[in-house]
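K.L.:
Numbering (the numbering used here), first residue to last: 729 to 867.
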């Protein structure tokens with residue numbers, strides 16, 4: 729199997745494994761901070777810190793992975809089906825969270841919205857760079 733997997737997929741997998749290995753370290757640090765400062769203060773501070781520190785890197789990795797995956801033979805076709813479905817589900821999720829917040833449900837303050845506009849902007853530029861595959865059935 730290792731010989732048949734494209735190097736691009738191996739590289740993306742290695743990046744995902746690396747991120748997963750860092751997660752327990754961050755979780756321990758977070759637990760220590762929660763014990764020290766309290767839940768609300770820690771959550772707010774940590775969320776802002778993590779977001780500002782890792783968001784640009786995560787965004788860059790996601791775009792890079794997307795570009796590399798688009799080089800695989802069938803991925804663009806799969807993406808043409810999956811992306812609109814994911815966008816629809818994200819919009820429905822966002823609408824549900826907003827409606828629940830308007831009705832006064834407190835748990836919604838802990839539920840982040842999916843930044844669909846930002847995702848569209850980031851990956852929208854990439855559309856011009858990817859080549860769409862044309863399907864020509866065999867006669």
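For glycine and all other residues, C-beta sits at the position ideal for the given N, C-alpha and C.
1) Taking the C-alpha atoms as reference points, what is the distance between residue 759 and residue 838?
2) Below 8 Å between beta carbons: does that hold for residue 808 and residue 736?
3) What is the rounded straight-line gap between the Cα of residue 784 and the Cα of residue 744?
4) Expressed to the nearest angstrom, what Euclidean distance is found between the alpha-carbon atoms of residue 779 and residue 786?
5) Indicate the three-state DSSP secondary structure (helix, strand or coil) for residue 749 in the structure shown.
6) Return yes when the Cβ of residue 813 is within less than 8 Å of the Cβ of residue 825, no when it is not.
7) Under 8 Å between the Cβ atoms of residue 791 and residue 850?
P.N.:
If we stick to the structure as given:
1) Taken atom to atom, the span from the alpha-carbon of residue 759 to that of residue 838 is near 18 Å.
2) no
3) Rounded to whole angstroms, the separation of the alpha carbons of residue 744 and residue 784 is 16 Å.
4) 10 Å
5) helix
6) Result no, Cβ atoms of residue 825 and residue 813 do not sit closer than 8 Å.
7) yes
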